[in-house]
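Chemist: Numbering of the sequence shown is given in the UniProt record's numbering, commencing with residue 1 and proceeding in unit increments.
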Amino acid sequence: MAKGNINVSVENIFPLIKKFLYSDHEIFLRELISNATDATMKLKHLTNIGEAKVEYGNPQIEVKVDKKKKQLHIIDQGIGMTAEEVEKYINQIAFSGAEEFLDKYKDKVDDAGIIGHFGLGFYSAFMVADKVEIITKSYKDEPAAHWTCDGSPEFSLVKAKKKERGTEIILHIADDEKEFLEESKIRELLLKYNKFMPIPIKFGTKEINDPNFTPKTKKDKDGKETTEPHKKITVNDIINNTNPAWTKQPTDLKDEDYKDFYRELYPMQFEEPLFNIHLNVDYPFNLTGILYFPKMTNDLNIQKDRIQLYQNQVFVTDNVEGIVPEFLTMLRGVIDSPDIPLNVSRSYLQADGAVKKISSYITRKVADKLKSLFNNNREDFEKKWDDIKIVIEYGMLSEEKFFEKADDFALYPTVDGKYYIYDELYNKIKAKQTDKDDKLVILYASDKDAQHSYIEAAKAKGYEVLFLDSPIVSHLMQKLETTKEKISFARVDADHIDNLIKKEDTKISKLSDEQKKQLDELLKEVIPSEKFMVQLEPMDSTASPFIITQPEFMRRMKE
Ligand code: ADP
Ligand code: MG
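1) Measuring alpha carbon to alpha carbon, tell me which residue in Ala-160, Glu-164 and Leu-171 is nearest Cys-149.
2) From Tyr-444 to Thr-414, what distance separates their C-alpha atoms?
3) Whose C-beta lies closer than 7 Å to the C-beta of residue 581 among residues of the same chain, with five residues either side of it excluded?
4) State the DSSP-derived secondary structure class of Pro-273, mapped to helix, strand or coil.
5) To which residues of the same chain is Lys-389 closer than 7 Å at the C-beta, ignoring the five residues directly before and after it?
6) Per DSSP, what kind of secondary structure is Gln-518 in: helix, strand or coil?
7) Mind checking whether the beta-carbon of Asn-35 lies closer than 8 Å to any heavy atom of ligand 2?
8) Whole angstroms are fine: how far does the CA of Leu-32 sit from the CA of Met-127?
9) Which whole-angstrom value is the C-beta distance of Ile-323 and Val-355, which I expect to be below 8 Å?
10) Which residue wins for smallest C-alpha separation from Asn-240, given the options Ile-201, Ser-512 and Asp-210?
11) Where do the ends of the beta strand (DSSP E) carrying Gly-78 lie?
12) So, does the segment 332-341 touch the segment 270-288, judging by three or more C-beta pairs under 8 Å?
13) Compute every distance between the C-beta of Thr-167 and the non-hydrogen atoms of ligand 1, then say whether any falls below 8 Å.
14) Rounded to whole angstroms, what is the Cα-Cα separation between Lys-64 and Tyr-412?
15) Buried or exposed: Ile-208, going by 16 or more other Cβ atoms within 10 Å of its Cβ?
16) Considering only the alpha carbon of each residue, which of Asp-513, Lys-401 and Glu-256 lies closest to Tyr-361?
17) Could you pull the DSSP bridge partners for Arg-332 from this structure?
18) How would you call Arg-364, buried or exposed, if buried means at least 16 neighbouring beta carbons within 10 angstroms?
19) In terms of DSSP beta bridges, what is His-146 paired with?
20) Regarding Leu-32 and ligand 1, is the C-beta to nearest heavy atom distance less than 8 Å?
21) Between the alpha carbons of Asp-437 and Phe-293, how many angstroms are there, rounded?
22) Restricting to Cα atoms, I'd like to know which of Val-526, Ile-199 and Ile-134 is closest to Glu-87.
23) Grouping DSSP H, G and I as helix and E and B as strand, with all else coil, what is Leu-171?
24) Taking the beta strand (DSSP E) that Val-54 falls in, what are its first and last residues?
25) Might you give, ordered along the chain, the residues of its own chain that have their beta carbon closer than 8 Å to the beta carbon of Glu-481, omitting 5 neighbours on each side?
26) Grab the span of the beta strand (DSSP E) containing Ala-490 for me, first residue to last.
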């Protein structure tokens, strides 16, 4: 395979890495575990396609803290590296082995789930360590290698005795980064970044009740019952759920599974989500995820648990601004997409074509889901309306596409607890509530008590009165007034509502103009016009196509 040697001068780049690579030092752990995961996934694919003739088994990744020696160990059972590969992949900074792997195997492995692609991930270890060792044994039949580097451009590479396949990274934690020797800190980071990664991550042990032991209950001589203590056993503490719900097919999940996953994501949220939306697309971009509608308050600022963004099951951020439309940042859940460029600024993100597509896909999915929830169980949807309306109304105001789709499910509640979608409301009031300019007037109240007598008066006249009280609904009314044809909103206590005009039901002829003309001519021939009056309209479906009447004055003329 011919690839050139990219020789970046290490002397120049090291201080840069230390200071500026990532402002967040803690992400070194995410990078190293991503590499360990990649190495394991690579082995899986190579064994699958028969290129690695070894047993894949049940590989794990282990993280160990050795506080005394000031060391942090990350150990995997993946493909490992030969000495030659260490030279190539580790010594050549900015030469991304992950990209090369994907290039080489892209025809054989369609979704390898490989994480790394910046080529600087490994070196982020030097943000917290002043010396790093790699002890690695390839799946190929070659001796293990031991690489050591103290952060200066010089490194040593010697043979090692390691027998088991895989890689151990040893970080000698720098004095000013001692927090990364605290077990609690490491556990916190693992739970933050690696909670849903695909390879089991072991961190220490924990005690659990022995599942093969049933405590006996004894009665003492006074008849008092005592149960012996449950037998405990020590097991490996596996940090992550390697199969999170969003990676599964929607058809394999029940409502309860979605709720369980919500609790897993937000252990401190005791309120159940109202419903969920499973995102699942692989063309023209890759995106999976589950969004939840929590019960909303009217306060737009309260939003503690946010949507989490992942790439191939690695946590990236919980700030999805610029990636999902703003009104959806009020939702909760997970989005996982390797197609979101993350090493760029937010303002760039907003202009990025792929991100725009992702954002409009999510909007469309949310609208479709709302529509089907409304169609499948309208009663339930109406019950939830108060808890979700803020998101929907905000979406209607801020996203044109969503506004157009919302006519199918956005509800307009009346003071009597009925709920209409826009068309229903329109049809209900079009004959009764028109003003002198022929505009349809939609009456609303925002305070049922204060406006009580006005509401009653309007109802006595047969008018519908909406009950609209959300904080942004006045903006929504304006928007509807400017986009819908000839409507206006009026408060039920506005002075002009007494002057609303009841329009006769306008009936629409079923005849074409040509048919009308022919009928008219025919009737003129057969019916003497001095004796009878012929009226072609109005007509409706039940009436005859024309009416022949003899008005009083005509009758008199005859006599
Ligand atoms: P990237 O992951 O983007 O390729 P990194 O700097 O994180 O860049 O890693 C560089 C390369 O070093 C990887 O592509 C891989 O070939 C090799 N490497 C790093 N860690 C491991 C590991 N634990 N096992 C096997 N190879 C590894
Ligand atoms: Mg990497």
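All C-beta atoms, glycine included, are put in the ideal place defined by N, C-alpha and C.
Modeler: According to the structure shown:
1) Comparing C-alpha distances from Cys-149 to each of Ala-160, Glu-164 and Leu-171 shows the shortest one belongs to Leu-171.
2) Approximately 8 Å between the Cα atoms of the pair.
3) Since the first residue shown for the chain is 1 and the last is 559, residue 581 is missing from the structure and cannot be characterised.
4) DSSP places Pro-273 in coil when its eight states are reduced to three.
5) Only Ser-470 meet the Cβ criterion.
6) Helix at Gln-518.
7) Under cutoff, so the answer is yes.
8) Using only the alpha carbons, I get a separation of about 12 Å.
9) Contact flag correct, Cβ pair sits at about 6 Å.
10) For the residues Ile-201, Ser-512 and Asp-210, the minimum Cα distance to Asn-240 belongs to Ile-201.
11) Membership of Gly-78 in any beta strand (DSSP E) is not indicated, and neither H nor E is assigned to it by DSSP.
12) Result yes; three or more Cβ-Cβ pairs closer than 8 Å.
13) Within the cutoff, so yes.
14) Lys-64 and Tyr-412 have their alpha carbons spaced roughly 58 Å apart.
15) It counts as exposed.
16) Measuring C-alpha to C-alpha distances from Tyr-361 to each of Asp-513, Lys-401 and Glu-256 identifies Lys-401 as the nearest.
17) Beta-bridge annotation (DSSP): Arg-332 is paired with Tyr-292.
18) Its Cβ having fewer than 16 others within 10 Å, Arg-364 is exposed.
19) Ile-135 and Val-158, per the DSSP bridge assignment.
20) Result yes, Cβ under 8 Å from ligand 1.
21) Between Asp-437 and Phe-293, the C-alpha separation is close to 42 Å.
22) Here the closest residue by C-alpha is Ile-134.
23) Looking at Leu-171 - three-state DSSP - the assignment turns out to be strand.
24) Going by DSSP, Val-54 is part of no beta strand (DSSP E) at all; its letter is neither H nor E.
25) Ile-487, Ser-488 and Phe-489, listed in sequence order.
26) Annotation for Ala-490: the continuous beta strand (DSSP E) segment containing it runs 487-491.
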